[in-house]
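Novice: Heads up, the sequence shown stops at 332 in the working numbering, and the numbers go up one at a time, no gaps.
Note that the Cβ used here is the ideal one computed from N, Cα and C, for glycine as well.
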Amino acid sequence: MKRYFGMMALLVLVLAACSTTGTLGDGQSLDAEQLAIETDLNLDAAIFEDLGGAAAASVQSVEDQDVADLAGAWGLPTVAVRFLKAWGVRLPRPGDADGQCSIEVNTNGYADVDGDGVFDLVDATFDCSGTMGDGQSFAVSGAFHFEDKDGAFTGFAMTLSDFTVSLTNVRGEHTVQRTRTLNGSVDVSGSPAEGYVLTKDLSIDFVVAVDGEVLHEAAWTSQKTKTYTPDDPDAPAAGGVVSISGNASLTRDGNTMEFQVSTSTDVEGETPLHWSRDCWRAARDAGRLGHKMGGFDAGWILHENLTNGNYTKITYNGCGDVSIEKSF
């Protein structure tokens with residue numbers, strides 16, 4: 005299992021929500037709570053689809069091979085490339101960077117004690133910018149420390165330090181820049197046969213600027229534990245059942261709201277929350293809401309607002325068929 009991440013698509017959902025909603029220059033709205041949930045779920049999807057480990061590229065698809073090749077070109081673990089890709093960032097290859105992308109990578113002596121093809125320790129610092137095929141510009145900065153766990157397909161630990169991704173595009177007459185900065189840690193432990201446990205302790209700062217003026221600022225902190233049980237231990241990245249528990253808080257305009265998260269997996273008689281790599285990729289390619297909300301195809305996720313008693317419930321009726329229920 006090892007080579008993980010890939011960063012998520014940064015298309016902001018346009019569903020309104022009371023105190024967390026503001027209006028962009030083009031009349032669309034931003035829901036800070038929903039954007040934070042979207043970010044968190046897409047980070048997970050980037051990890052889930054990389055659980056095949058070092059051998060995944062040869063048995064999954066051309067896409068996996070491309071991710072592996074790009075990671076190898078920069079000396080990064082594949083999870084880092086998936087992490088960025090899930091955020092909508094397509095890194096250039098070193099020869100195509102044209103001086104716009106500098107990634108300093110320290111593989112700490114190329115140590116790979118367990119021989120699984122993943123370096124035991126990787127430290128990387130990013131200073132990249134460029135323009136993608138759709139005309140959207142990006143910038144990536146910050147650092148991470150990556151540790152591969154002993155044994156094949158047994159997990160990793162990563163610490164993120166001011167890891168910032170900005171995406172900028174033009175909407176009509178307005179230039180919109182969305183920036184997300186992550187700090188904290190992600191830990192994945194387990195095996196294909198026994199399943200995996202993801203422990204995340206992250207803070208995510210959001211800034212949305214329109215025509216150079218800051219329109220929204222918010223901070224999301226979360227401490228969550230997630231389990232992932234593969235449908236097929238021989239293909240752990242193909243899909244599996246997910247359970248999420250933990251707490252989060254959202255601070256905006258000086259006000260803080262506390263949340264508790266739960267899923268249908270732990271409720272008797274309910275359809276378990278299920279993630280599918282095929283759904284994740286199909287929804288992404290079709291620009292569907294299902295991709296923005298993590299590529300699940302069954303079950304539900306509930307965020308209960310402990311501060312005011314409201315809730316946000318995301319129900320997955322099928323691949324790309326997502327309904328979002330909010331109380332106000």
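Taking the DSSP output, what are the residues bridged to GLY303?
Specialist: GLY303 is bridged to TYR320.
Novice: On a CA-only basis, which of GLN181, PHE160, GLU274 and LEU171 is nearest GLY216? Give me that one, please.
Specialist: Of GLN181, PHE160, GLU274 and LEU171, the residue nearest in Cα terms is GLN181.
Novice: Whose C-beta lies closer than 6 Å to the C-beta of GLU308 among residues of the same chain, with five residues either side of it excluded?
Specialist: The answer, listed in chain order, is GLN264 and TYR315.
Novice: Mark GLY31 as exposed unless 16 or more other C-beta atoms lie within 10 angstroms of its C-beta, in which case mark it buried.
Specialist: With a pLDDT of only 29 at GLY31, under the threshold of 50, the placement of this residue in the model should not be trusted, and no figure is reported.
Novice: Answer with buried or exposed for ASN251, where buried requires no fewer than 16 other C-beta atoms within 10 angstroms of its C-beta.
Specialist: By the 10 Å Cβ count, ASN251 comes out exposed.
Novice: What residue range is occupied by the uninterrupted alpha helix (DSSP H) comprising GLU151?
Specialist: GLU151 -> not in any alpha helix (DSSP H); beta strand (DSSP E) instead, spanning 141-152.
Novice: If we count the other Cβ atoms within 10 Å of its Cβ and call it buried at 16 or more, is PHE87 buried or exposed?
Specialist: Buried, by the Cβ-count rule.
Novice: Can you tell which of THR229, ILE318, VAL326 and THR267 has the C-alpha that lies nearest to the C-alpha of GLY291?
Specialist: It is VAL326 whose Cα lies nearest to the Cα of GLY291.
Novice: Give me whichever residues DSSP pairs with LEU171 in a beta bridge.
Specialist: Paired residue(s): PHE142 and ARG182.
Novice: I'd like the ranges of any alpha helix (DSSP H) spanning at least 4 consecutive residues and lying wholly in the region 80-141.
Specialist: Runs of the alpha helix (DSSP H) inside the region 80-141: 82-90.
Novice: Using the three-state DSSP reduction, which class does ASN187 fall into: helix, strand or coil?
Specialist: Strand, per DSSP.
Novice: How would you label GLY92, buried or exposed, when you count the other beta carbons within 10 angstroms and need 16 or more for buried?
Specialist: Under this definition GLY92 is a buried residue.
Novice: I'd like to confirm the pairing. Which residues does DSSP put opposite ILE328 in its beta bridges?
Specialist: BP columns for ILE328 point to ILE318.
Novice: Buried or exposed for ALA75, going by 16 or more other Cβ atoms inside 10 Å?
Specialist: Classification of ALA75: buried, given that the 10 Å Cβ count is 16 or more.
Novice: Could you say which of GLY121, MET136 and GLY303 lies nearest to GLY1 if we only look at CA atoms?
Specialist: Coverage of the chain is limited to positions 5 through 332, which leaves residue 1 absent and any answer about it impossible.
Novice: Using only alpha-carbon positions, find the residue among VAL190, THR225, PHE123 and PRO98 that is nearest to THR82.
Specialist: Closest option to THR82, Cα to Cα, is PHE123.
Novice: What residue does the beta strand (DSSP E) around VAL214 start on, and which one ends it?
Specialist: Residues 199-214.
Novice: Please name the residue or residues paired with MET162 in a DSSP beta bridge.
Specialist: Answer by DSSP bridge pairing, in chain order: PHE150 and VAL190.
Novice: Buried or exposed for PHE332, please, with buried defined as at least 16 other CB atoms from any protein chain shown within 10 angstroms of its CB.
Specialist: Exposed.
Novice: Check each candidate in GLY137, LEU171, GLY159 and MET297 and name the one with the smallest Cα separation from SER145.
Specialist: Measuring from the Cα of SER145, the nearest candidate turns out to be LEU171.
Novice: Once DSSP output is grouped into helix, strand and coil, what is the label at ASN312?
Specialist: Of the three classes helix, strand and coil, the one that applies to ASN312 here is coil, per DSSP.
Novice: Nearest to GLY176 by CA position, among VAL214, THR203 and VAL201, is which residue?
Specialist: With distances taken between Cα atoms, GLY176 lies closest to VAL214.
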